[in-house]
Amino acid sequence: GEHLLSQYRGKVVALEFILTTCPHCQMASHLMTKLQSDYGSRGFQALDLAINGLDEGRSPKDADALVQAFSATYQTGFPVGWVPREQMLSFLQIKPTQRSVVPQLVLIDRKGIIHYQEPPEGDEQFMQEPVIRQRIEELLSLKANGSK
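Printed below as a string of C-alpha cells:
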C-alpha cells in the first residue's frame, strides 16, 4: 500500500533512494538495518525507496514484489518501498539531465525538514557510518520544536 513521508513526522528519518540491483545500495541497506536497530527506540526511522521498481515494463504490483524480495533477501529491518525515478529526482531537486548516483541518502528531522542531503554525484564521506551516526545523533538530540 501507499505510505506518505508525513506519517513519519515526529521521527528522525533516513530516507535512502536505491536500486535493488546495486551492490552499494545493498550494503547501505545493511547499514540502515543496523542503524534502525540501534536508534529505532529513540525515534529514528530508516526507509528505502527503490527507483527501479517500474523499470523493464514492470507494473506497480510487480514493483511491490521486487521490493518485497529485496527486503527478504537483504533482511532489512525497516520498510522498503518504491517510487518512480522521476519522483526521486523531483524530491531531491535533481534535473533529469544531471548526473546522479545511488544510493542517495537524505536525513530528515522530526518536523520533516531535510538537514542533510547527499550531493547528486555522491560523496564517499557522506556515506561513512561514523558520519551518518553522528548526524542521526545530532538530529535525535533536537526536540520536535527544533531546540536542543
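The opening residue of the sequence shown carries number 1 in the working numbering; numbering runs sequentially from there. From the three backbone atoms N, C-alpha and C, an ideal C-beta is built for every residue, glycine too. Just so it is clear, the structure is predicted and the values come from calculations on it, not from any experiment.
query: Bridge partner(s) assigned by DSSP for G81; result: L49
query: Closest Cα partner of T76 within the set E138, S29, E137, F17; result: S29
query: Entirely enclosed alpha helix (DSSP H) segments - the region 59-137, minimum 4 residues; result: 60-73, 85-92
query: Buried versus exposed, by CB contacts within 10 Å (16 or more), R42; result: exposed
query: Continuous alpha helix (DSSP H) stretch holding L31: start and end; result: 23-39
query: Straight-line gap, Y74 to L142 (C-alpha atoms, nearest Å); result: 31 angstroms
query: Stretch pair the region 108-117 + the region 6-18: three plus CB contacts closer than 8 angstroms; result: yes
query: Start-to-end residues for the beta strand (DSSP E) that takes in E16; result: 12-18
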